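J.:
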Ligand code: IPE
Ligand code: IPE
Ligand code: MG
């Protein structure tokens, strides 16, 4: 139904601009990723403070494996190091972490860190932080389709039982609400293979700020922008 929700329940962020931030300072791209860790902490704090229940951060796309090996390795190493350091603090804040993406291509060390962070934070109830890591929306839809087709082939479901809900439950976001707002930093206006199914009625917001410069104030600004939006879902409302 067309209920006006002033605070978004689910905010998703495409964290972009780390490389450009580093380049502007004559630094290696890796240093941009490193500088992108503190804004993640800030986004989590701001999400908790604003009573946002789901925060999804696009951290690494399936396509990002195609970057120079040194950069990919640096990102993986940074992920491991950050997870080791942040787990307890996130748990204290009531944050539950979920890693969303295919668990392929990762080294055993990364897989171990994924399990560790999910386990250490599993009791968090204030906010679920979903890290899209080795995520591709097209792959997600493809895998869901294969899963459903398999069940049809086995005679477990009939074709007319394939509903939007069944599809949603076969996606990696099963059990999550759709994002109310999708933010992409750095002045790029595209989804880059992110949440193609779930974004149907998301509000989009494209601040110019590069991800390493993102902070709690920027998050609050996004929340204010969201509150001004009139979501119509194809209907006619008093404001239209
Ligand atoms: C986003 O920053 C982080 C990842 C994709 C891993 P980029 O690394 O894409 O930064 P730009 O777009 O090159 O500035
Ligand atoms: C999208 O950013 C992926 C993440 C932010 C993790 P990219 O920088 O990889 O996307 P493109 O290449 O600009 O579309
Ligand atoms: Mg980029």
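Numbering (this note's numbering), first residue to last: 930 to 1169. Quick reminder that beta carbons are idealized off the backbone N, C-alpha and C, glycines included. Please read these numbers as outputs of a predicted model, since none were measured by experiment.
Cutting at 7 Å between CB atoms, please list the residues of its own chain near residue 1091, excluding the five before and the five after it.
T.: The residues are 1077.
J.: Taking residue 1015 as the reference, which of 1113, 1036 and 966 has the closest Cα?
T.: For residue 1015, the nearest C-alpha among the options comes from 966.
J.: Cα-Cα, which of 1156, 1042, 1122 and 1020 is closest to residue 1050?
T.: Out of 1156, 1042, 1122 and 1020, 1020 has the C-alpha closest to the C-alpha of residue 1050.
J.: Return yes when at least one heavy atom of ligand 3 lies under 8 Å from the C-beta of residue 1117, else no.
T.: Yes; taking the cut-off as 8 Å, the Cβ of residue 1117 has a heavy atom of ligand 3 nearer than that.
J.: Locate the alpha helix (DSSP H) running through residue 1115, then write down its first and last residues.
T.: First-last for residue 1115: undefined, no H or E at that position.
J.: Given residue 939, which residues of its chain have a CB within under 6 Å of its CB, disregarding the five upstream and five downstream residues?
T.: Once the five neighbours on either side are set aside, the close Cβ partners of residue 939 are 983, 1106, 1108 and 1109.
J.: Return the chain-ordered list of same chain residues with a C-beta closer than 8 Å to the C-beta of residue 986, the five sequence neighbours on each side being excluded.
T.: For residue 986, where only same-chain residues beyond five positions count, the Cβ hits under 8 Å are 941, 942, 944, 969, 972, 1058, 1059, 1060 and 1061.
J.: Starting from the Cα of residue 1096, find the closest Cα among 1141, 1071 and 1084 and give me that residue.
T.: If we check each option's Cα against that of residue 1096, 1071 comes out closest.
J.: What is the DSSP secondary structure of residue 1203, reduced to helix, strand or coil?
T.: Since the first and last residues shown for the chain are 930 and 1169, residue 1203 lies out of range.
J.: Where do the N-terminal and C-terminal ends of the alpha helix (DSSP H) with residue 1019 fall, by residue?
T.: 998-1021 is the span of the alpha helix (DSSP H), which, as asked, contains residue 1019.
J.: Which partner residues does residue 983 have in the DSSP bridge list?
T.: Per DSSP, 939 and 1057.
J.: Could you tell me whether any non-hydrogen atom of ligand 2 is closer than 8 Å to the CB of residue 1034?
T.: No, ligand 2 has no heavy atom inside 8 Å of this Cβ.
J.: Taking just the CA atoms, how far does residue 937 sit from residue 1161?
T.: The straight-line gap from Cα to Cα measures roughly 15 Å.
J.: Alpha carbon to alpha carbon, how far is residue 997 from residue 1004?
T.: Near 11 Å, if we compare the C-alpha coordinates of residue 1004 and residue 997.
J.: Rounded to whole angstroms, what's the CA-CA distance from residue 1138 to residue 1129? Just pull it up for me.
T.: Distance between the alpha carbons of residue 1138 and residue 1129 is about 25 Å.
J.: Considering only heavy atoms of ligand 1, list every residue whose Cβ is less than 5 Å from one of them, following chain order.
T.: Cβ-based neighbours of ligand 1 within the cut-off: 945, 946, 947, 948 and 949.
J.: Check whether the Cβ atoms of residue 1155 and residue 935 sit closer than 9 Å, and answer yes or no.
T.: Taking 9 Å as the Cβ cut-off, residue 1155 and residue 935 qualify as a contacting pair.
J.: Considering Cα atoms alone, identify which of 995, 980, 1022 and 1040 is closest to residue 1008.
T.: The shortest Cα separation from residue 1008 among 995, 980, 1022 and 1040 belongs to 1040.
J.: How would you write the range of the alpha helix (DSSP H) that residue 1150 sits in, first residue to last?
T.: Per DSSP, residue 1150 belongs to the alpha helix (DSSP H) from 1145-1157.
J.: Are the CB atoms of residue 1122 and residue 1033 nearer to each other than 9 Å?
T.: No, the Cβ-Cβ distance between residue 1122 and residue 1033 is not below 9 Å.
J.: Do you know offhand how far residue 958's Cα is from residue 1101's?
T.: Taking the straight line joining both Cα atoms gives about 30 Å.
J.: Taking the straight line between their C-alpha atoms, what separation do you get for residue 1158 and residue 1151?
T.: Spanning the two alpha carbons is a distance of roughly 11 Å.
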